[in-house]
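The block underneath contains the structure these notes are about, expressed in structure tokens.
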Amino acid sequence: MNELNPLKQLAGQTAVYGLSSVIARVLNFLLVPFYTRIFTDTAEYGIVNELYAYVAFIIIILTYGMETAFFRYSARYSNQRLVYSTALTSISITSLLFIIAVVLFYQEIAHIIGYGNNSSFVLLLGLVLGADALVAIPFANLRYKEKSVKFALIKLLNVVVNILFNVLFLLVLPWMYKNGLRGWLVEVLYDPEFRVGYVFLSNFLASLVTLAIFTGEILKMRYGFSASLFRSMIYYGIPLLVAGLAGTVNEFLDRILLRYRLPDDVNALEQIGIYGANVKIAVLMMLFIQMFRFAFEPFIFSQEKNRSGPKIYADVMYYFVAAGVLVFLVITLYIDIFKHIIDSGYHEGVRVVPVILGGYLMLGIYYNLSVWYKLNEKTAYGALFAVCGAIITITVNWVFIPEYGYMASAWGHFLAYFGMVLMSFTIGRSVYPVPYRLKEIIIMILAGLAVYLISTVTRGENALFKYTVNTLILVIFAGFIIYRERSFIKELLGLR
Numbered sequence: 004m005n006e007l008n009p010l011k012q013l014a015g016q017t018a019v020y021g022l023s024s025v026i027a028r029v030l031n032f033l034l035v036p037f038y039t040r041i042f043t044d045t046a047e048y049g050i051v052n053e054l055y056a057y058v059a060f061i062i063i064i065l066t067y068g069m070e071t072a073f074f075r076y077s078a079r080y081s082n083q084r085l086v087y088s089t090a091l092t093s094i095s096i097t098s099l100l101f102i103i104a105v106v107l108f109y110q111e112i113a114h115i116i117g118y119g120n121n122s123s124f125v126l127l128l129g130l131v132l133g134a135d136a137l138v139a140i141p142f143a144n145l146r147y148k149e150k151s152v153k154f155a156l157i158k159l160l161n162v163v164v165n166i167l168f169n170v171l172f173l174l175v176l177p178w179m180y181k182n183g184l185r186g187w188l189v190e191v192l193y194d195p196e197f198r199v200g201y202v203f204l205s206n207f208l209a210s211l212v213t214l215a216i217f218t219g220e221i222l223k224m225r226y227g228f229s230a231s232l233f234r235s236m237i238y239y240g241i242p243l244l245v246a247g248l249a250g251t252v253n254e255f256l257d258r259i260l261l262r263y264r265l266p267d268d269v270n271a272l273e274q275i276g277i278y279g280a281n282v283k284i285a286v287l288m289m290l291f292i293q294m295f296r297f298a299f300e301p302f303i304f305s306q307e308k309n310r311s312g313p314k315i316y317a318d319v320m321y322y323f324v325a326a327g328v329l330v331f332l333v334i335t336l337y338i339d340i341f342k343h344i345i346d347s348g349y350h351e352g353v354r355v356v357p358v359i360l361g362g363y364l365m366l367g368i369y370y371n372l373s374v375w376y377k378l379n380e381k382t383a384y385g386a387l388f389a390v391c392g393a394i395i396t397i398t399v400n401w402v403f404i405p406e407y408g409y410m411a412s413a414w415g416h417f418l419a420y421f422g423m424v425l426m427s428f429t430i431g432r433s434v435y436p437v438p439y440r441l442k443e444i445i446i447m448i449l450a451g452l453a454v455y456l457i458s459t460v461t462r463g464e465n466a467l468f469k470y471t472v473n474t475l476i477l478v479i480f481a482g483f484i485i486y487r488e489r490s491f492i493k494e495l496l497g498l499r
């Protein structure tokens, strides 16, 4: 088999997941300019960012590494149906217990995290978490069976429903209320004091629709449960849980720490809102990483027995970095355009975007490096690296937020992921040698950084000159990569 075929397969799966992710993320991303214009008080958007930071932590706990464990044991275990039912049974039981706990104790939880006056926010997000956890394994099963179109359509439906309810609750009903059109619909559905709560209500309704789609499958499933298989999956998955939690620290803890480490004379929720809105500008890089990761995780195990596997993984890394650097440059060279995605009241935080983008690129490289410990069932190393990254994140944020504010949070992102890359590469090359094109990768990253620094010189110039120069250097950079890799690109596109 031509070794480019697996790469072409990966590219195809990435494209399908990518298309769905692009459409879903673009639609979802429309909520960013929507929210930043609806919530002109940046503190309100700060509430959204802070509470979703808690959500990010809890969903990791509720799935406890079972998705990746499902991929691993589905590929190795002869009875894939038993693997699926064991994972689904486990997640279903823990998710239902979580939902019951939230319903019983949401008011107490709200008081603990400082939202005692808005306990309904906590209840809604708790129900969202329970519903999302329940469908985690059915979604993973679609990925394993390479039913990427069905996966994409359901994900897309979730986003569309969420957006429609946001528009209804935050735009249509307020307009009707303001203009005196207060019929029964407005009276029943709209409370002008609830505002931010409608963000969480919309999310809950969208999650409910997704759960309804899978309900038939979940209820009709012939449940089998293997205790020995479950123990193996938990043993494999728990380090991933630790890694996931630590990774979430790197990604979201800054929103929580900003509230407690900023000086008393600074409105923390306003700063969280500004920071969170500008982080969203980097969504294109995170989107690219997400769609790659969706396809790459199953791909890792599918190439496990291929003698050319290490070479294939090395090529994947190289092309990933090339694409990642291009995404970085497109956003940073045209940042004065991209910043208008968010309301002008949030523009003061745009300086964090290049740093966040660089951090996301490091995260993508780290995902590529995860091959060695996932294939060798040494997932404890993944947990170790993520914990070390979390320590870097916490340290940088705790020490530097009081003086540097959310810029410290942005650099905390970058330094954490960069540290994880160094640790994984250093240890992994002796356990599972992969012939990475290290010199070429470093040169490409440094060249991309040089292009970005050159572009900063034109910032004070008029728009025509600035964009002409930036476009020229971007085309030269991209053209060089395309020319150098023209054989691979032709093969990928089926042109030869």
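Just so we're on the same page, our numbering is the position in the sequence shown counted from 1, plus 3. Cβ atoms here follow ideal geometry from the backbone N, Cα and C, with glycine treated the same way. Note that the structure is a prediction, hence the values are computed from the model and not measured.
- Within 10 angstroms of the beta-carbon of K283 lie 16 or more other beta-carbons, which makes it buried.
- Between I292 and Y384, the gap from beta carbon to beta carbon reaches 8 Å or more.
- Scanning A298, L130, Y76 for the CA closest to the CA of S151 turns up A298.
- A check of alpha carbon separations from V131 across F228, P242, V460, N161 identifies N161 as the nearest.
- The criterion of a C-beta distance shorter than 8 Å is satisfied by A411 and I404.
- For the pair G279 and R264, the CB atoms are not nearer than the 8 Å cut-off.
- The Cβ-Cβ distance between Y67 and L214 does not fall below 8 Å.
- K442 carries a helical assignment under DSSP once its states are collapsed to helix, strand and coil.
- A direct Cα-Cα distance of roughly 41 Å separates I485 from N206.
- Residue environment analysis places L467 among the exposed positions, since fewer than 16 neighbouring C-beta atoms fall within 10 angstroms of its C-beta.
- Taking I340 as the centre and dropping the five residues before and after it, the same chain places no C-beta closer than 7 Å to its C-beta.
- Bounds of the alpha helix (DSSP H) holding I216 are 200-223.
- In this structure, I62 sits away from I157, with a CB-CB distance that is not shorter than 8 Å.
- Exclusion of the five residues before and after H350 leaves K342 as the residues of its chain whose Cβ lies within less than 6 Å of its Cβ.
- Between the beta-carbon of V125 and that of I112 there is about 5 Å, and that keeps the pair under the 8 Å contact cut.
- In this structure, M423 lies away from F480, with their beta-carbon atoms at least 8 Å apart.
- Remark: three or more beta-carbon pairs, one from each stretch, lie closer than 8 Å, so the segment 364-379 and the segment 311-322 are flagged as touching.
- 8 Å or more divides the Cβ of G352 from the Cβ of Y48.
- Taking F295 as reference, the option from V324, S311, N281 with the minimal CA-CA separation is V324.
- In this structure A209 is in contact with F168, their Cβ atoms being roughly 7 Å apart against a cut-off of 8 Å.
- Every alpha helix (DSSP H) of 4 residues or more that sits fully in the segment 99-180 is shown, in chain order, as 122-137, 139-147, 151-170.
- S412 carries a helical assignment under DSSP once its states are collapsed to helix, strand and coil.
- In this model, Y109 and S123 are separated by some 8 Å (Cα to Cα).
- Residues of the same chain with a CB within less than 7 Å of the CB of Y363, apart from the 5 flanking positions on each side, are A285, M288, M289, I292 in chain order.
- Sequence-distant partners of T251 (beyond 5 residues in either direction) whose C-beta falls short of 7 Å from its own C-beta, in its chain, are A59, F60, I63.
- A distance of 8 Å or more separates the beta carbons of T396 and G367.
- For N270, the number of other beta carbons within 10 angstroms of its own is below 16, and it is reported as exposed.
- R258 carries a helical assignment under DSSP once its states are collapsed to helix, strand and coil.
- Only residues of its own chain outside the window of five on either side were considered, and among them L54, V58, F203 have a CB closer than 7 Å to the CB of L128, listed in chain order.
- L222 is classed as exposed because its beta carbon has fewer than 16 other beta carbons within 10 Å across all chains shown.
- Separation of P266 and V472 (C-alpha to C-alpha, rounded to the nearest whole angstrom) is 41 Å.
- With a contact defined as Cβ atoms closer than 8 Å, T382 and Y239 qualify at about 6 Å.
- Between D194 and the set L145, L174, V212, the nearest pair of CA atoms involves L174.
- Contact check for A143 against F73 passes: the beta carbons are separated by less than 8 Å.
- Taking each of A326, E190, I345 in turn and checking the Cα distance to F42, the smallest one comes out for I345.
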